[in-house]
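Once you know that position 34 of the sequence shown is 34 in full-length UniProt numbering, the rest is easy, because the numbers rise by one and skip nothing.
Think of the CB as a built atom: it goes at the ideal place given N, C-alpha and C, for glycine as much as any other residue.
Each remark here refers to the structure printed beneath this line.
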Amino acid sequence: METVGTRIKKLRKQKKFTLKELASKVGVSDVSISNWENDVNTPKHEHLTLLAPNLDTTIDFIMYGKTEDIENVSDFRPVTRMLPVLTYIQCGTMTNVKSIAPHEIEMWLPAPPDASKNSFYLICQGISNAPEFKDGDFVCINPDIPFDNVQHGEMIAVCQDDEATFKALVREFNSLHLKALNENFHPNIIPLKEDFIYKGKYVGKFTPPKKFI
Numbered sequence: 001m002e003t004v005g006t007r008i009k010k011l012r013k014q015k016k017f018t019l020k021e022l023a024s025k026v027g028v029s030d031v032s033i034s035n036w037e038n039d040v041n042t043p044k045h046e047h048l049t050l051l052a053p054n055l056d057t058t059i060d061f062i063m064y065g066k067t068e069d070i071e072n073v074s075d076f077r078p079v080t081r082m083l084p085v086l087t088y089i090q091c092g093t094m095t096n097v098k099s100i101a102p103h104e105i106e107m108w109l110p111a112p113p114d115a116s117k118n119s120f121y122l123i124c125q126g127i128s129n130a131p132e133f134k135d136g137d138f139v140c141i142n143p144d145i146p147f148d149n150v151q152h153g154e155m156i157a158v159c160q161d162d163e164a165t166f167k168a169l170v171r172e173f174n175s176l177h178l179k180a181l182n183e184n185f186h187p188n189i190i191p192l193k194e195d196f197i198y199k200g201k202y203v204g205k206f207t208p209p210k211k212f213i
């Protein structure tokens, strides 16, 4: 009899993922994946929403074996693309997303509509852009949008002085600056230096489910 665990294991092997590789995509430990495959426990809904697209299947198939109109689940193409969540250090040092090894990525999240295949997420740090962007928010950066196409007031990620930062672009009087959205944050505005490295434009935010009680 096929179980939730056997379906997960079969799909993982079809995708040729190791336990560790799948765990990094879902944001759990490889022990958790092993426990699911051995039916020690079952994935929570928040994990199923990441597990299903990474295995090219549906939540219904994982949990109940339902394929609906899909004749071959291995041929199913998910609607949701997954993007890596990077640290500011990874963002600052990488040449592009493909230069980062899969085992160095600890979490993957669904892509917003305007994301490209090279897009990635950053985790906001601090209160420089509060309240629009809070500490811990996941912001999606699209590096395929040319810097010259970024308009005054739009959010970008850049690297200068060996540090990545996420700020609003200020274009005025033939000069370029970066501005924090929080007026109480200092310094609130800094010059964009000539040797800055453009990392991409902000195209969306992922909000994970939260408890209300």
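Query	Result
Spatially closest choice to residue 146 from 55, 203, 27 and 87, by CA coordinates	203
Residue 71 - DSSP class collapsed to helix/strand/coil	Below a pLDDT of 50, predicted positions are generally treated as unreliable, and residue 71, at 44, falls in that range; no measurement from the model is reported.
Per DSSP, the bridge partner or partners of residue 31	Beta-bridge pairing links residue 31 to no other residue.
Residue burial classification, residue 142 (beta-carbon count within 10 angstroms, cutoff 16)	buried
For residue 155, the first and last residue of its enclosing alpha helix (DSSP H)	First-last for residue 155: 155-160, but that is the beta strand (DSSP E), not the alpha helix (DSSP H).
Contacting residues, own chain, Cβ-Cβ under 8 Å from residue 63 (five flanking each side not counted)	4, 42 and 48
Run of the alpha helix (DSSP H) containing residue 92, from where it starts to where it stops	88-93
Pick from 108, 129, 152 and 96 that is closest to residue 144, judged by C-alpha positions	96
Cβ neighbours of residue 171 in the same chain (closer than 6 Å, five flanking residues each side left out)	152
Assigned secondary structure, residue 183 (DSSP; H/G/I helix, E/B strand, else coil)	coil
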